[in-house]
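From first to last, the protein sequence lines are chains A and B. Residue 950 in this note's numbering sits at position 5 of the first sequence, and the numbers go up by one each step. Residue 107 in this note's numbering sits at position 14 of the second sequence, and the numbers go up by one each step. Backbone N, C-alpha and C define an ideal beta-carbon position, used for all residues, glycine too. Predicted, not measured: the structure shown is a model, and the values here were computed from it.
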Amino acid sequence: GENVEQHPSTLSVQEGDSAVIKCTYSDSASNYFPWYKQELGKRPQLIIDIRSNVGEKKDQRIAVTLNKTAKHFSLHITETQPEDSAVYFCAASIGGAQKLVFGQGTRLTINP
Amino acid sequence: GAVVSQHPSRVICKSGTSVKIECRSLDFQATTMFWYRQFPKQSLMLMATSNEGSKATYEQGVEKDKFLINHASLTLSTLTVTSAHPEDSSFYICSATLGGPDEQYFGPGTRLTVT
C-alpha cells in the first residue's frame, strides 16, 4: 500500500530563517498532496495543497514543490515566525481515491 | 464554510464500557467521512472510511466489531468504541470531504481516556 516518509522529525530554526520539510511517497497514482499544521490538542489545519498536474504552488510565506518523477514533495516556509511553531504533516492520496496517508510529522520550533 | 464538529470533545470511561463519538458536517453535505486515531506524538492513522447509507470500510488491523461506525445521513457519522480498554485511549479525529481526492475538513477531535 501507499507509504509516506517525512523528514526531518524535528526541526529548529531561528526566527526569520527558512524551514524545509520533505516527504516521499510510494504510489505513483497519488494525485493530491496536502500539508497540515497541527497545534497541541487541536485539529489538523490545511495550510497548502498541490495536485499532480502542478509542480509548485505558493501562498505568501508558504510554498510546496512536487517532483512526480522522484515521488517527493516539499514544504517551504520563509521568514519564519514564532507562531509557525507546530507539528506539520504531509499526506498523499491513495491513487485517485479520497483516502489520505499521512507522514510521520515534523515538530517545527522557531527560536526567537 | 466547511465546518466539522465532534462531540464530545473529551470523555473518560471505565474499562469495558462503550463510548459513542459524533461527527457532524455543519454547513455542507459530506459524501464521505473518515475516522482517524492519533496516539501522543504520533501521526494520524486512518481507521475507516464512512459513506452515507453504506457499510464502513475499515483499514487493515482495525477491528470492525470493536469500532462500530454508522453514517445515517450526509451530515452525521458516529463512531462507537465498544468494550473500551485502556489501550483504546487516544485522540479520535473525524474528517469530511465533498468528494474526490480533495481537501478533508477535520473535526476538533475527541480525547478518549479509558480507566
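Euclidean distance between Cα positions of residue i and residue j
i: Ser136 of chain B; j: Ile186 of chain B; result: 12 Å
i: Thr206 of chain B; j: Thr1014 of chain A; result: 44 Å
i: Arg988 of chain A; j: Pro101 of chain B; result: 14 Å
i: Tyr981 of chain A; j: Gln990 of chain A; result: 5 Å
i: Phe132 of chain B; j: Thr203 of chain B; result: 12 Å
i: Leu1020 of chain A; j: Ile966 of chain A; result: 5 Å
i: Leu1011 of chain A; j: Phe1018 of chain A; result: 4 Å
i: Thr110 of chain B; j: Pro179 of chain B; result: 11 Å
i: Tyr129 of chain B; j: Ile992 of chain A; result: 19 Å
i: Ala1042 of chain A; j: Cys116 of chain B; result: 21 Å
i: Pro953 of chain A; j: Asp972 of chain A; result: 21 Å
i: Phe978 of chain A; j: Asn1056 of chain A; result: 28 Å
i: Asp195 of chain B; j: Glu152 of chain B; result: 20 Å
i: Val174 of chain B; j: Ser143 of chain B; result: 15 Å
i: Leu985 of chain A; j: Pro201 of chain B; result: 11 Å
i: Asp1029 of chain A; j: Tyr970 of chain A; result: 25 Å
i: Thr125 of chain B; j: Val1046 of chain A; result: 16 Å
i: Lys148 of chain B; j: Ala141 of chain B; result: 10 Å
i: Asp181 of chain B; j: Ile114 of chain B; result: 13 Å
Residue-chain proximity (residue i, chain B), Cβ-Cβ < 8 Å
i: Lys1002 of chain A; result: no
i: Pro989 of chain A; result: yes
i: Gly1048 of chain A; result: yes
i: Leu956 of chain A; result: no
i: Leu1053 of chain A; result: no
i: Gln959 of chain A; result: no
Inter-residue CB distance, residue i and residue j (contact presumed, cutoff 8 Å)
i: Ser188 of chain B; j: Val97 of chain B; result: 7 Å
i: Leu169 of chain B; j: Gln122 of chain B; result: At roughly 11 Å, the Cβ-Cβ gap does not stay under 8 Å, so Leu169 of chain B and Gln122 of chain B are not in contact.
i: Gly1048 of chain A; j: Ala1036 of chain A; result: 7 Å
i: Val112 of chain B; j: Ala165 of chain B; result: Wrong, their Cβ atoms sit about 18 Å apart, outside the cutoff.
Interface flag, residue i vs chain A, CB-CB below 8 Å
i: Thr142 of chain B; result: yes
Worksheet item: Do the stretch 1007-1025 of chain A and the stretch 153-166 of chain B make contact, defined as three or more Cβ pairs closer than 8 Å?
Response: At 8 Å Cβ cutoff, the stretches do not touch.
Practice prompt. Name, going along the chain, the residues of the stretch 963-987 of chain A whose beta-carbon falls closer than 9 Å to a beta-carbon of chain B.
Written response: Along the stretch 963-987 of chain A, the positions whose C-beta sits under 9 Å from a C-beta of chain B are Ser975, Asn976, Tyr977, Pro979, Tyr981, Gln983, Gly986, Lys987, read in chain order.
Item to complete: Below 8 Å between beta carbons is the criterion; list the residues of the stretch 999-1029 of chain A that meet it against any residue of chain B, in chain order.
Response: For the stretch 999-1029 of chain A, which is checked against every Cβ of chain B, not one residue is closer than 8 Å.
Worksheet item: At a cut of 8 Å, does the stretch 991-999 of chain A reach the stretch 946-960 of chain A through at least three beta carbon pairs?
Response: Between the stretch 991-999 of chain A and the stretch 946-960 of chain A there are fewer than three C-beta pairs closer than 8 Å, too few to call the two in contact.
Fill in: Near-chain A residues of the stretch 175-203 of chain B - C-beta to any C-beta below 9 Å
Among the residues of the stretch 175-203 of chain B, those with a Cβ less than 9 Å away from any Cβ of chain A are Phe184, Ile186, Ser188, Thr190, Gly192, Gly193, Pro194, Asp195, Glu196, Gln197, Tyr198, Phe199, Gly200, Pro201, Gly202, in the order of the chain.
Worksheet entry | At least three beta-carbon pairs within less than 8 Å, the stretch 1020-1031 of chain A to the stretch 956-975 of chain A | Between the stretch 1020-1031 of chain A and the stretch 956-975 of chain A, the count of Cβ pairs shorter than 8 Å is three or higher; the stretches touch.
Worksheet item: Using a beta-carbon distance cut-off of less than 7 Å, what residues from the stretch 132-161 of chain B approach chain A?
Response: So the close ones are Ser136, Leu137, Leu139, Thr142.
Discussion item. Residues of the stretch 107-124 of chain B in Cβ contact with chain A at a cutoff of 7 Å, in chain order, please.
Written reply: Contact residues of the stretch 107-124 of chain B toward chain A are absent (C-beta to C-beta distance below 7 Å).
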